[in-house]
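Trainee:
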Amino acid sequence: LVSAKWKVNPTVIDLGDDVKIGGGHFALMAGPCSIEGEENIMDTINLLKANDIKIMRGGVYKPRSSPYSFRGLGIDGLKLWHQLARENGIKIVSEVMQVSQIEAMHDYVDMFQVGARNTQNYNLLDELGRVDKPVMIKRGISGTIDELLHSAEYVFSGGNERLLLCERGIRTYEKASRNTFDINAIPILKEKSHLPVIADPSHGIGIRDHVGPVAMASAVAGADGIIFETHCRPEEAFSDGQQTLDFNEANQLIEKLRVLNSMA
Ligand code: PEP
Ligand code: MN
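Just remember that the UniProt record's numbering sits 69 ahead of the position in the sequence shown, which is counted from 1.
(1) Could you tell me which of N253, E156 and N229 sits nearest to R237, measuring between CA atoms?
(2) Are there 16 or more other CB atoms within 10 angstroms of the CB of D179, so buried, or fewer, so exposed?
(3) Helix, strand or coil for A96, going by three-state DSSP, please let me know.
(4) Per DSSP, which one or two residues make a beta bridge with C235?
(5) Distance, Cα to Cα, D145 vs I122?
(6) Following a CB-centred definition, is residue 51 positioned closer than 7 angstroms to any heavy atom of the ligand PEP?
(7) Assuming the contact rule is C-beta atoms closer than 8 angstroms, A185 and K202 should be a hit. Round their C-beta distance to whole Å, please.
(8) If we ignore side chains and look at the alpha-carbon of each, how far apart do V81 and I90 end up?
(9) Where does residue 335 land, buried or exposed, given buried means 16+ other C-beta within 10 angstroms?
(10) Please enumerate, following chain order, all residues with a beta carbon closer than 5 angstroms to at least one heavy atom belonging to the ligand MN.
(11) State the CB to CB distance for the pair L84 and K160, rounded to an integer number of angstroms; the pair is presumed to be in contact (CB under 8 angstroms).
(12) Excluding the 5 residues preceding and the 5 following residue 39 in the sequence, name in chain order all residues of the same chain whose CB lies nearer than 8 angstroms to its CB.
(13) So residue 335 packs on L70, CB below 8 angstroms; how close in whole Å?
(14) I need the DSSP call for R126, collapsed to helix, strand or coil.
(15) Is any heavy atom of the ligand PEP found at a distance shorter than 7 angstroms from the C-beta of H272?
(16) Looking only at its own chain, which residues have a Cβ that is under 8 angstroms from the Cβ of T313, when we skip the five neighbours before and after it?
(17) For the beta strand (DSSP E) that K131 lies in, which residues bound it at each end?
(18) Taking the runs of the beta strand (DSSP E) that are 3 residues or longer, which of them lie wholly in the stretch 166–212?
(19) When the Cα of I255 is compared with those of S246, V283 and G228, which residue comes out closest?
(20) When every heavy atom of the ligand PEP is checked, does at least one fall within less than 7 angstroms of the C-beta of D269?
(21) With a threshold of 7 angstroms, establish whether the CB of P132 neighbours any heavy atom of the ligand PEP.
(22) Can G291 and K244 be called in contact, C-beta distance under 8 angstroms?
(23) Looking only at DSSP bridge pairs, what is T299 linked to?
(24) Compute the Euclidean distance between the alpha carbons of K325 and V289, then round it to the nearest angstrom.
(25) Is K160 near the ligand PEP, judged by its Cβ being under 7 angstroms from some heavy atom?
(26) Which partner residues does D83 have in the DSSP bridge list?
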């Protein structure tokens with residue numbers, strides 16, 4: 070069902086208020102790795118508004134490699150974020166980690182994110198198949214392209230056709246970067262599926278200075294959108310600061326992507 074053989078025309082995800090992704094609508098999504106509080110939310114919203122970006126990312130449930138790391142503000146953080154985002158015309162994409170969180174989060178997100186650690190959580194995917202909100206599925210940490218497509222098939226066949234695929238890098242023998250961003254996945258996914266393909270260069274390379282080039286390469290490779298981490302003071306970010314752009318760097322990247330897209 071997610072195959073380009075099944076549906077020839079590209080799927081366009083409509084988040085309402087004229088915010089669309091796919092089928093020629095290129096989308097930028099940016100925000101902190103973790104939602105940290107009111108000031109952090111408002112700083113980010115102001116950055117997005119200044120750049121005419123309509124979608125903010127951020128985790129309130131964080132899958133951390135260590136249980137002692139910051140694990141997110143939870144549903145109260147999401148409610149605060151939702152209120153501030155609504156007031157400012159910003160849409161929300163946030164990770165859902167387990168089935169029990171879906172209902173609580175539902176009214177406060179515009180798009181659910183399935184993280185790389187949950188790409189093959191088939192119970193979660195089944196449940197998201199019954200949800201009336203778009204779902205962005207990230208590629209598994211060691212997942213193949215076909216496995217990502219099969220994960221999408223779970224949600225699609227469950228009845229939710231509003232899906233996006235996200236390349237966020239895979240684990241390889243290479244240690245010089247956090248993950249190995251698989252640029253190949255972008256044209257291959259675009260060929261195999263009608264769903265929009267999003268690139269996450271932040272997790273893809275994991276090194277702040279190199280997020281920009283990978284983002285640009287993804288756009289050239291045909292991505293329908295870029296999701297990246299940004300924070301007012303990345304050194305102080307609660308998570309993933311090492312791969313997070315400061316606002317100056319974010320402004321520059323956004324400008325470069327806009328120029329690139331205007332040439333296409
Ligand atoms: C994130 O988006 O902050 C995240 C945890 O991503 P991933 O699931 O790709 O590691
Ligand atoms: Mn992160």
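Backbone N, C-alpha and C define an ideal beta-carbon position, used for all residues, glycine too.
Mentor: According to the data block:
(1) For R237, the closest of N253, E156 and N229 by C-alpha to C-alpha distance is N253.
(2) Under a 10 Å Cβ-count criterion, D179 is classified as buried, with 16 or more other Cβ atoms of the shown protein chains found around its own Cβ.
(3) Strand.
(4) DSSP, once it has assigned bridges, lists K207 and I267 as partnering C235.
(5) Each residue's alpha carbon lies about 24 angstroms from the other.
(6) Past the edges of the chain, shown from 70 to 333, lies residue 51, and the structure says nothing about it.
(7) Going by Cβ atoms, the distance from A185 to K202 rounds to 20 angstroms, so no, they are not a contact pair.
(8) Whole-angstrom Cα-Cα distance: 6 angstroms.
(9) Not covered by the structure: residue 335. The range shown for the chain is 70 to 333.
(10) Close to the ligand MN, as judged by a C-beta nearer than 5 angstroms to any of its heavy atoms, are the residues C102 and D309, in chain order.
(11) L84 to K160, Cβ: 5 angstroms. Contact.
(12) Absent from the structure is residue 39, since the part of the chain shown begins at 70 and ends at 333.
(13) In the structure displayed, the chain extends from 70 to 333; residue 335 sits before or after that span and is not available.
(14) If DSSP states are grouped into helix, strand and coil, R126 belongs with the strands.
(15) Yes; taking the cut-off as 7 angstroms, the Cβ of H272 has a heavy atom of the ligand PEP nearer than that.
(16) Hits under 8 angstroms: P101, C102, S271, R277, E298, T299, H300, P303 and A306.
(17) Taken as a continuous stretch (DSSP letters only), K131 belongs to no beta strand (DSSP E), as it is neither H nor E.
(18) As far as the stretch 166–212 is concerned, its whole beta strand (DSSP E) runs of at least 3 residues are 180–183 and 204–207.
(19) Nearest to I255 by alpha-carbon distance, out of S246, V283 and G228, is V283.
(20) Checking the Cβ of D269 against the ligand PEP gives yes.
(21) True, at least one ligand heavy atom lies under 7 angstroms from that Cβ.
(22) Not a contact, by the Cβ cut-off of 8 angstroms.
(23) Bridge partners of T299 according to DSSP: L314.
(24) The alpha-carbon separation between K325 and V289 amounts to approximately 12 angstroms.
(25) No; taking the cut-off as 7 angstroms, the Cβ of K160 has no heavy atom of the ligand PEP nearer than that.
(26) Paired residue(s): K89.
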